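Below: one structure, written as structure tokens.
Residue numbers (this note's numbering): 182 to 432.
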């Protein structure tokens, strides 16, 4: 368990409830989202779907984060927990919880909300960026980066080939030329990000042996992606908890 993680019986309703961070493989842990939650005074529990951990009930949670992984949403024969995870995501959205899905988590979120998830022609891997859409530049989580005016791109890390259509009613926030649906928002506190903004130094070191040769994964790009990701995730947590208790998270 990470520092700041809580176990035991369900917390009382309200801001005291712990968050759940669902992890699918050993090398894709909470990273910077854990830092953002701890800084905001939130506790969280890491749920290892790949190790057989049971999923919590929605009424036990203050928020839900679903991380990435190499499996796809359709791989239910090999990973039957994908079905229960989608049920949890749909229930969390219905219950008004803050939800963040990254990479596989975003695909699972999109699928749970009725969108199609497909495999693209080529993989998108390595340090790069996404381009904000018009609504993305006005979004309270993604839009403030670089002032929202001077630049409309966001540094990040890519590692996917699957992609999703936008769920009904979703706001399209970011794109790349290869994969136009890179980020969406549903309501005020539900975000799906196809790209990675949680990659800190520890995660980057764990990914180095797994990244294909020739992939852009340079130190300078990783530093910028980590700096940007830290600010984005602090803003997400601030938006997520602000409507609950008026708290603000410093940027």
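For glycine and all other residues, C-beta sits at the position ideal for the given N, C-alpha and C. For clarity, every value in this text was computed on a predicted model and none was experimentally measured.
Task: Exposure label - residue 378; buried when at least 16 CB within 10 Å - done: buried
Open item on the list: Here's the rule I'm using: 16 or more other beta-carbon atoms within 10 Å means buried, otherwise exposed. How should residue 407 be labelled?
Closed with: buried
TODO: Could you pull the start and end residues of the alpha helix (DSSP H) that residue 214 belongs to?
DONE: Note, residue 214: alpha helix (DSSP H), 213 to 220.
Open item on the list: Considering just the uninterrupted stretch of the beta strand (DSSP E) at residue 308, what are its terminal residues?
Closed with: 298 to 313
Open item on the list: Does the segment 396 to 413 come into contact with the segment 195 to 210, if we say contact requires no fewer than three beta-carbon pairs (one atom in each stretch) closer than 8 Å?
Closed with: no
Open item on the list: Classify residue 275: buried if its beta carbon has 16 or more other beta carbons within 10 angstroms, exposed otherwise.
Closed with: exposed
Task: the segment 200 to 214 / the segment 223 to 240 touching (three or more Cβ pairs under 8 Å) - done: Yes, the segment 200 to 214 touches the segment 223 to 240.
- [ ] Output the boundary residues of the alpha helix (DSSP H) element that contains residue 244.
- [x] First-last for residue 244: 244 to 247, but that is the beta strand (DSSP E), not the alpha helix (DSSP H).
Task: Cβ neighbour criterion (16 or more within 10 Å) applied to residue 270 - done: buried
Task: residue 270 - containing alpha helix (DSSP H), residue span - done: 262 to 275
Task: Endpoints, the alpha helix (DSSP H) within which residue 291 is located - done: Taken as a continuous stretch (DSSP letters only), the alpha helix (DSSP H) holding residue 291 covers 285 to 293.
Open item on the list: Does residue 423 come out as helix, strand or coil in the three-state DSSP assignment?
Closed with: helix
TODO: For residue 368, I'd like the list of residues in its chain whose CB is within less than 7 Å of its CB, leaving aside the five on either flank, ordered along the chain.
DONE: none
- [ ] Name the residue from 260, 216 and 219 whose alpha carbon lies nearest to the alpha carbon of residue 232.
- [x] Cα-wise, what sits closest to residue 232 is 260.
- [ ] Report the partner residues of residue 345 according to the DSSP bridge assignment.
- [x] DSSP lists 298 as the beta-bridge partner residues of residue 345.
- [ ] Report the rounded CA-to-CA distance for residue 387 versus residue 240, giving the unit in angstroms.
- [x] 34 Å
TODO: Determine the closest residue to residue 357 out of 338, 214, 420 and 351, with distance taken between C-alpha atoms.
DONE: Closest option to residue 357, Cα to Cα, is 338.
- [ ] Could you pull the start and end residues of the alpha helix (DSSP H) that residue 229 belongs to?
- [x] No alpha helix (DSSP H) holds residue 229; the beta strand (DSSP E) holding it covers 225 to 229.
Open item on the list: Applying the 10 Å Cβ sphere with the 16-neighbour rule, what's the burial state of residue 382?
Closed with: exposed
Open item on the list: Is the beta carbon of residue 292 closer than 8 Å to that of residue 267?
Closed with: yes
- [ ] Using alpha carbons as the reference points, say which of 220, 207 and 209 lies closest to residue 411.
- [x] 220
Open item on the list: How far does the alpha helix (DSSP H) with residue 382 in it extend, from its first residue to its last?
Closed with: 382 to 388
Open item on the list: Quick check on residue 233: does DSSP put it in helix, strand or coil?
Closed with: coil
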